[in-house]
Amino acid sequence: MALVGCGSGLPAASISNDQLSERVDTNDDWIRSRTGIGSRRVAGADESITSLGLKAAQAALDHAGWQASDVDLVLLATSSPDDLFGSAPRIQGALGAIHAVAFDLTAACSGFLFALVTAGQYIRSGTVRRALVIGADQLSRWVDWDDRRTCVLFGDGAAALAVEACPAADDGLVGFRLRSDGRRGDSLTLNQIEQRTPLVQGLDAQVGGFTPIRMNGQEVFKFAVREVPAVLRELLEGTGTDAADLDWLLLHQANQRILDAVADRFGIPHERVLSNLVHYGNTSAATIPLMLDEAVRDGRVQPGHLLGCSGFGAGLSWGAALLRWRGPAA
Ligand code: COA
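And the structure:
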């Protein structure tokens, strides 16, 4: 699978820490020093997972130089779809990707990596030639704006990668490891509401709806700084790659302190750690492609560069992938 195009779709409105502190009891200094976040985008009334995901997918398609009808698979990693039956088909339809099969995949902040690896399996098996993998989340729908421990962390956004079949020797998915541990799932949840409605004698039916995001921040922090280096190390060893061979470290953008801690564990200089969470916060499934798109477009990531990636989050879920960027055909 070759990584040949990328694109982003971001909400127009940006909310600074100072603006947020007018809504909830927090301040710029606390948020910046604990997380590195300075502002976040929040979707307006005319924006949604479908519209942002479509913008990202179209940009990736254009970057790759494909026609929409060339696409065989549209995979949308999201935990906050517009429609629980799936938002990927809406994007596929609006894009005009008439030959593509489209579906959603949920693995929280690890979702993009899980979806990219899934697309890679379809491509390697020969079932699919060209795929668009989108990561999109609108967690502003699901945060409790009165809970300062969580609402300051998240932002909305979408980004996408265009990937296609290639000779095995050129495969840009150099290696991957994916992990789940539901036993620790309670530390970060977006659970259904506990409400039932009388149906028939002896049976109440569940009422649909979700409670806001609940998180044990310290548990999640410890999980990330323990598991991300472990899975990355396993991947590097398994593929015979030295950390010094990585052109870039591209981690899920949750917290600058997590990024720094992981980089330090591998002796990777901070200049080679991609970070844009100061502008966007944690956009969940979108962080990795959003960061990659920015770094490709400003010329930091060049064709042939090797990226050590890791996603982690609710589930609990986490994983790592070694990706080689190819870019569009010249
Ligand atoms: N503004 C001001 N004060 C805040 C605050 C905010 N936004 N959020 C929490 N505080 C206060 C707390 O109330 C607490 O005050 P107290 O000591 O008077 O009780 C104090 O700050 C310390 O809170 P604590 O939760 O211990 O802070 P922390 O150092 O663990 O940092 C996180 C909190 C959330 C930044 C940190 O735990 C973290 O980043 N965890 C990982 C979260 C994450 O990345 N989740 C997504 C994974 S995909």
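The working numbering numbers the first residue of the sequence shown as 57 and each following residue consecutively.
From the three backbone atoms N, C-alpha and C, an ideal C-beta is built for every residue, glycine too.
query                                                                                                                 : result
S236 versus A370, G211, A113, residue with shortest Cα-Cα distance                                                    : A370
Other residues of its chain near G375: CB distance less than 8 angstroms, five sequence neighbours each side excluded : S166, L169, F170, V173, F232, R233, L234, R235, V287, S366, G367, F368
Cβ-based burial, A32 [other Cβ within 10 Å; buried from 16]                                                           : Beyond the ends of the chain as shown, which are 57 and 386, falls residue 32; an answer cannot be given.
Near the ligand COA: D81 beta-carbon under 8 angstroms from a heavy atom                                              : yes
A164 CB to nearest heavy atom of the ligand COA below 8 angstroms                                                     : yes
Rounded separation between A175 and G149 - CA only                                                                    : 19 angstroms
Close Cβ partners of T253 (< 7 angstroms) along its chain, the five nearest in sequence each way excluded             : D260, A261, V263
Distance, C207 Cα to T82 Cα                                                                                           : 10 angstroms
Given 8 angstroms, three or more beta-carbon pairs between the stretch 57-69 and the stretch 212-220                  : yes
Coil, strand or helix - Q274 by DSSP                                                                                  : helix
Where P137 falls, given that 16 or more other Cβ within 10 Å makes a residue buried                                   : buried
S135 Cβ short of 8 angstroms to the ligand COA heavy atom set                                                         : no
Near the ligand ZN: V276 beta-carbon under 8 angstroms from a heavy atom                                              : Absence of the ligand ZN from the depicted structure is noted, with the ligand COA being the only ligands included.
Bounding residues of the beta strand (DSSP E) (the contiguous stretch that carries R186)                              : 186-194
Segments of 4+ residues assigned as alpha helix (DSSP H) that fall wholly inside the stretch 252-338                  : 273-294, 312-322, 333-336
Residues that DSSP places opposite G61 in a beta bridge                                                               : A218
Distance between A342 and G364 (C-alpha atoms, nearest Å)                                                             : 17 angstroms
contact_flag[the stretch 91-105, the stretch 65-79] where n(CB pairs < 8 angstroms) is 3 or more                      : yes
For L209, the nearest candidate out of L348, D74, R356, T91 (CA to CA)                                                : T91
Segment limits, alpha helix (DSSP H) that includes V173                                                               : 167-181
For S143: DSSP bridge partner residues                                                                                : None; S143 has no bridge partner.
Three-state class that DSSP yields for R240 in the structure shown                                                    : helix
Buried versus exposed call for V284 [16 or more other C-beta atoms within 10 Å across all chains shown]               : buried
Whole-angstrom distance between L255 and L307, CA atom to CA atom                                                     : 47 angstroms
Those residues which DSSP pairs with I71 across a bridge                                                              : R96
Cβ pair D212, L66 closer than 9 angstroms                                                                             : yes
Segment limits, alpha helix (DSSP H) that includes D85                                                                : 84-91
Simplified DSSP assignment, three categories, for S373                                                                : strand
Neighbour-count burial assignment, S89, 16 or more Cβ in a 10 Å radius                                                : exposed
First through last residue of the beta strand (DSSP E) which encompasses D160                                         : 157-161
Segment contact flag, the stretch 126-135 with the stretch 181-188, C-beta cutoff 8 angstroms, min 3 pairs            : yes
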